[in-house]
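Chains as they are written, first to last, in the numbering used here: chain A, 1 to 305; chain B, 306 to 555; chain C, 556 to 895.
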Amino acid sequence: MALLIEQSLNGIQLGFMLFLLAAGLTLIFGIMGVINLAQGSLFMVGAYAAAVVATQTGSYVLAAIAGLAAAAIIGMAMEYLVIRRLYARDHLDQVLATFGLILFFNQMTVILFGRQPLFVRIPPLLDGSVHIVAGVYYPLYRLVIIGVGLLTALGLYILISRTRIGMLIRAGATNREMVRALGVDIRLLYTIVFGLGAMLAGLAGIMTGPISAVQVGMGEQVLILTFVVIVIGGVGSIRGAFVGALIVGIVDTLLRAFLPTLLRHMMASGSEADALAGGISAMGVYLLMAIVLLVRPKGLLPANG
Amino acid sequence: MAEVLLQVDNLVKNFGGVRATDDLTLDVRAGEVHALIGPNGAGKTTFIGQLMGEIVPDAGAIRFAGSPLGGLDTPARVRLGIARTFQITQLLDEDTALSNVALTIQAQQGHSFRFWKTAAGDASLFGPAQTYLAAAGLAERGNVLVRDLSHGEHKQLELAMALASEPRLLLLDEPMAGLGASESRQMVDSLKRLKGRTAILLVEHDMDAVFALADRISVLVYGKVIATGTPADIQANSQVRVAYLGEGDA
Amino acid sequence: MAETAPNPTQRSKPKNVRSRLLLAQLLVILVVLPYLANLIGQPALTSLATRIIILAIAAASLNLIMGYAGLASFGHAAWYGIGAYVVGILYRHSVSGDPLFGLPLGADQLLITLPAAIIVAGLFAAVFGALALRTSGVQFIMITLAFAQMIFFFFVALKAYGGDDGLIIRRRNALPFLDTRDGLTFYWICLTVAVVWYAILSRIVGSRFGRVLEGIRQSERRMAAMGVRTYGYKLVACIISGMGAGLAGALMANHMRFVSPDMMHWTQSGEFMFMVILGGSGTLLGPAFGAAGLIGLESLLAAWTENWQVILGPLLVLAILFTRGGLSGLARMIRGGARG
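Following this line, the structure appears as structure tokens:
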């Protein structure tokens with residue numbers, strides 16, 4: 001039981017991480033109609049910037065700021081130099097151009113930091129565990145991730161539904177002309193939105209650092225999982241991203257945690273059971289995606305209708 | 306009186322809070338030209354979408370040649386003998402006009418799971434394709450790429466392609482929209498030649514064309530048919546005048 | 556054939572002549588190439604050319620769905636990898652004699668392994684294609700990527716066949732009367748297979764089926780209004796495309812004498828897409844030029860610096876941003892005859 005609670009919380013924590021990426025990706029897609037593979041690179045940029053600053057200065061506050069700033073600045077530069085020219089193109093061009101960006105960012109990271117993964121320690125203030133319910137302890141840092149994710153989700157909701165910039169974002173998604181008529185520089189708006197999406201990815205990267213290795217290619221692993229989230233949740237819908245991310249996070253974590261034991265009970269050979277469980281749990285979320293697609297091809301909570 | 310080919314009863318379609326089709330009842334008889342007129346936003350294109358199975362109605366029934374169409378997808382309805390043209394033309398831009406029509410004929414001939422024989426020189430496709438092009442007034446333009454054709458020629462090609470599926474009922478969504486005076490006249494001529502061969506539901510704003518072609522006219526306002534009758538009836542109908550004048554449209 | 560038609564499409568005539576000329580030139584180069592490579596003391600070029608030819612088979616298969624039918628699949632490497640694994644697994648069983656699925660399966664004959672790879676890849680493409688085709692547009696891109704990733708993870712977890720480390724094939728599959736272990740002979744085999752595959756694709760593309768695919772790319776709505784149910788055509792195209800990729804994978808497994816999940820890594824799918832786009836999507840020979848261009852460029856850059864991707868990445872971005880239609884677009888731009 002304790003294990004179930006702990007693993008469920010791990011799943012929720014992974015879910016919030018995925019949500020940060022999926023929200024950025026789907027926001028950018030919903031508003032600008034651009035599919036950005038390099039969102040994973042921005043995740044990596046955030047993680048690396050934070051890791052380097054944390055080890056150099058020892059300050060986690062500075063590290064967080066550096067991570068967010070690096071992701072936002074590189075994201076906006078990316079928008080200004082490349083993405084901007086892709087708004088009117090088809091999705092295939094967008095995918096391929098941002099694929100080229102990934103090659104660049106990955107290799108650049110190798111040049112700058114080498115292939116060895118960087119490890120970041122959990123901030124001392126957030127180290128340790130918290131007593132949740134009867135006999136169940138849970139790492140404080142992971143709880144903080146959940147908290148930050150929740151706050152971000154809330155913040156996004158307020159930003160989009162309650163503020164002027166959110167109004168512009170919503171209007172810009174459906175009617176570019178109208179936004180222009182309001183005297184708003186749509187290009188600037190797009191750059192800002194892109195920077196916002198980049199910052200969300202960077203934030204996820206920063207927080208991931210201390211619980212997993214910071215290494216080249218970390219962005220793509222999580223990017224593809226993010227795609228699964230978006231397909232399950234419904235393309236272009238923030239609510240869908242939220243629900244999809246939590247489902248994917250929990251299913252993925254629970255399968256990895258419990259399937260090996262389950263199969264070992266059912267199968268004679270332990271090593272075969274482990275291998276099979278490893279395979280199935282790695283594929284689990286993709287199977288889930290296939291099932292969702294069979295039932296609802298547009299995802300659980302599609303953007304319109 | 307000719308048999309009823311298309312019978313629409315109490316059709317309803319809502320988009321969010323907007324009732325695009327409101328208890329719409331209408332029929333088209335075999336061989337007649339039935340014009341559907343109405344101000345912009347009256348729900349004419351939505352109505353055609355529902356006839357073609359592209360949009361699923363919320364309530365009501367559509368019967369074609371006596372059998373209900375509910376649940377049939379667009380290709381199934383096309384095979385029963387309904388064809389449409391698009392107000393915003395849907396053409397294969399990178400192909401020639403002729404091969405656009407030829408592909409329609411190919412679709413008409415049955416499945417296309419034929420992988421080996423080259424389609425480009427197939428006389429059973431390109432021969433008739435030329436005939437349909439000519440019927441729509443494009444006899445000389447067959448070998449021009451669609452993207453190099455004029456707007457008016459696009460409209461004519463839409464017509465040629467609709468004809469190529471040999472429909473019993475032709476749904477024309479504003480075939481004159483955006484045409485110049487001479488192009489309009491040519492289109493009216495093409496349609497006149499079709500009269501009697503196939504039933505036509507003509508959605509159109511150009512009243513000259515409507516009165517030149519229609520056997521009957523229905524007036525659609527806010528998704529509802531407010532009047533149906535001969536051109537003379539409709540011209541005399543005060544309700545229609547009010548509806549039109551009220552909208553400030555013609 | 557054109558003489559019997561009353562109305563042959565006139566514009567395709569000069570284009571045909573030009574592409575036949577191009578084809579003839581290409582074939583001459585490919586036939587002379589291995590001898591030339593020996594002459595200039597670069598026999599490794601033959602191996603590189605073999606690789607390009609094999610990848611060109613896979614790229615041409617992707618082109619059928621991506622270039623002709625407009626289905627941007629980001630999972631092509633999965634079928635390619637599955638074809639390779641069929642060769643690897645059959646070889647493994649032919650050596651060990653262990654039963655496969657309880658049957659005495661196992662083969663080291665190219666005439667068995669190639670068809671097996673084609674069929675298995677086609678079956679997988681049928682299942683996953685049937686699901687993926689329920690979506691379209693950007694969702695289709697995402698879902699094909701995700702499915703390919705799933706298959707990638709499956710083979711990573713498949714410890715019985717090497718898992719992460721892959722499978723080593725000690726000897727190339729054999730062919731009667733030919734010594735496949737000889738690099739030059741294997742080059743001729745791959746070239747022959749490639750020519751046959753391109754010939755098949757050229758028939759398919761020009762057939763009624765191919766016309767429907769091109770119609771689907773240009774306006775799926777129009778196809779429905781013609782009375783065409785597009786799903787079946789797209790699915791069959793996906794299957795043919797998967798079969799071609801499986802064929803290429805099987806050849807590559809023989810060429811490298813090694814199979815690993817890396818062959819179905821998502822970056823490989825991306826490379827296939829680039830080959831199609833760079834060479835000119837929706838043209839028969841484009842993918843071959845795209846494969847040669849991309850692999851050639853990679854080899855050149857890699858010979859120059861180990862961090863070649865840092866240059867390749869931006870080059871690819873520039874290619875997408877500024878030369879629509881890849882190499883052919885570039886050629887058109889240079890000739891100054893861009894029509895739009």
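For every residue, glycine included, the Cβ atom is placed at its ideal position computed from N, Cα and C. Source: prediction; values computed, not measured.
Distance cutoff 8 Å, beta carbons only. Does E399 of chain B sit that close to anything in chain C? At a cut-off of 8 Å between C-beta atoms, E399 of chain B counts as an interface residue with respect to chain C.
Establish whether the CB of R763 of chain C and some CB of chain B are separated by less than 8 Å. Contact with chain B is found for R763 of chain C, since one of that chain's Cβ atoms lies less than 8 Å from the residue's Cβ.
Chain-ordered neighbours of D93 of chain A on chain C, where CB pairs are closer than 7 Å: For a Cβ distance threshold of 7 Å, residue set I875 of chain C lies close to D93 of chain A, ordered along the chain.
Buried or exposed: where does S487 of chain B fall if 16 or more other Cβ atoms within 10 Å of its Cβ makes it buried? By the 10 Å Cβ count, S487 of chain B comes out exposed.
What distance in whole Å lies between the Cβ atoms of L507 of chain B and V515 of chain B, which are believed to be in contact at a cut-off of 8 Å? Rounded, the Cβ-Cβ distance is 7 Å, consistent with contact.
Count the other CB atoms, across all protein chains shown, that sit within 10 Å of the CB of I393 of chain B; report buried if there are 16 or more and exposed otherwise. Result: exposed.
In the DSSP output, what is V530 of chain B paired with across the bridge? Beta-bridge pairing by DSSP links V530 of chain B to B:L525.
Out of B:S372, B:F352, B:A370 and B:G371, which one is the CA nearest neighbour of A364 of chain B? If we check each option's Cα against that of A364 of chain B, B:F352 comes out closest.
Using a C-beta cutoff of 8 Å, does V251 of chain A count as contacting chain C? Under the Cβ criterion of 8 Å, V251 of chain A is not counted among the residues facing chain C.
Under 7 Å by beta carbon: chain A residues contacting P869 of chain C: By Cβ distance, chain A contributes G100 and F104.
What would DSSP say about D252 of chain A, mapped onto helix, strand or coil? Under the three-state reduction of DSSP, D252 of chain A is assigned to helix.
Please work out which residues of its chain come closer than 7 Å, Cβ to Cβ, to L42 of chain A, disregarding the five sequence neighbours upstream and downstream, and give them in chain order. Closer than 7 Å at the Cβ level, and outside the excluded window around L42 of chain A, lie A71, I74, G75, A198, A201 and G202.
Give me the Cα-Cα distance between G892 of chain C and L577 of chain C, rounded to the nearest whole angstrom. With a pLDDT of only 42 at G892 of chain C, under the threshold of 50, the placement of this residue in the model should not be trusted; the figure read from the coordinates follows. Between the alpha carbons of G892 of chain C and L577 of chain C lies a gap of roughly 19 Å.
Chain-order list of residues whose beta-carbon lies under 7 Å from that of G305 of chain A (same chain, five-residue window excluded): Annotation note: pLDDT 39 at G305 of chain A (below 50); position unreliable, no value reported.
Compare the Cα-Cα distances from L408 of chain B to each of C:Q773, C:Y753 and C:D737 and report the closest residue. Nearest option by C-alpha distance: C:Q773.
Is there a Cβ from chain C that is less than 8 Å from the Cβ of S429 of chain B? Judged by the 8 Å Cβ criterion, S429 of chain B is not in contact with chain C.
Distance check for L438 of chain B and S455 of chain B, CA to CA, integer angstroms please. The straight-line gap from Cα to Cα measures roughly 15 Å.
With 8 Å set as the bound, which would you pick, yes or no: does the beta-carbon of G305 of chain A sit closer than that to a beta-carbon of chain C? Low per-residue confidence applies at G305 of chain A: pLDDT is 39, beneath 50, and the placement is therefore not dependable, though the value from the model is reported in the following sentence. Not closer than 8 Å to any Cβ of chain C, the Cβ of G305 of chain A fails to qualify, so no.
Where K460 of chain B falls, given that 16 or more other Cβ within 10 Å makes a residue buried: When all chains shown are included, K460 of chain B counts as buried.
Enclosing beta strand (DSSP E) for R162 of chain A [first to last residue]: Per DSSP, R162 of chain A belongs to no beta strand (DSSP E); it is in the alpha helix (DSSP H), L140 to R162.
Of all Cβ atoms in chain A, is any one closer than 8 Å to the Cβ of T690 of chain C? At least one chain A Cβ lies under 8 Å of T690 of chain C.
I need the DSSP call for K500 of chain B, collapsed to helix, strand or coil. Reduced to three states, the DSSP call for K500 of chain B is strand.
Buried or exposed, going by whether 16 or more other CB atoms sit within 10 Å of the CB of Y286 of chain A? That one is buried.
Distance cutoff 8 Å, beta carbons only. Does Y80 of chain A sit that close to anything in chain C? It does not; no Cβ of chain C falls within 8 Å.
Could you tell me the distance, in whole angstroms, from the CA atom of G325 of chain A to the CA atom of T26 of chain A? Here chain A comprises residues numbered 1 to 305, so residue 325 of chain A is not present and cannot be evaluated.
Reference A66 of chain A; option with closest CA among A:Q39, A:A50, A:I211 and A:I165: With distances taken between Cα atoms, A66 of chain A lies closest to A:A50.
What is the C-beta distance between P480 of chain B and E509 of chain B, in whole angstroms, given that I count them as a contact (C-beta under 8 Å)? With 8 Å as the limit, P480 of chain B and E509 of chain B qualify as a contact, their Cβ atoms being about 7 Å apart.
So is I421 of chain B buried or exposed if we call it buried at 16+ other beta carbons inside 10 Å? The residue you asked about is not Ile; residue 421 of chain B is Trp in the sequence shown. Exposed, since its Cβ has fewer than 16 Cβ neighbours within 10 Å.
Alpha carbon to alpha carbon, how far is L150 of chain A from A303 of chain A? Give it in angstroms, no decimals. Spanning the two alpha carbons is a distance of roughly 21 Å.
Determine which residues of the region 222–239 of chain A have a Cβ less than 8 Å from any Cβ of chain C, and write them out in chain order. Taken in chain order, the members of the region 222–239 of chain A whose beta-carbon sits within less than 8 Å of a beta-carbon on chain C are I224, F227, V228, I230, V231 and V235.
Should W634 of chain C be flagged as near chain F, meaning a C-beta pair shorter than 8 Å? The displayed structure is made up of protein chains A, B and C, and chain F is not among them.
Select from the region 345–376 of chain B all residues with a C-beta closer than 8 Å to any C-beta belonging to chain C, and list them in chain order. So the list reads M357 and E359, given in the order they occur along the chain.
Alpha carbon to alpha carbon, what distance is there between Q597 of chain C and E399 of chain B? Their backbone Cα atoms lie some 44 Å apart in a straight line.
Below-8 Å beta-carbon distance, M556 of chain C vs any chain B residue: Low local confidence applies: a pLDDT of 34 at M556 of chain C is under 50, so the model's placement there is unreliable, and no value is given.
Listing by chain order, which chain C residues have their CB less than 9 Å from the CB of Q107 of chain A? For Q107 of chain A, the chain C residues whose C-beta falls within less than 9 Å of its own C-beta are N862, W863, Q864, V865, I866, L867 and G868, listed in chain order.
On the criterion of 16 or more Cβ atoms from any shown chain inside 10 Å, does K497 of chain B qualify as buried, or is it exposed? So K497 of chain B ends up on the exposed side.
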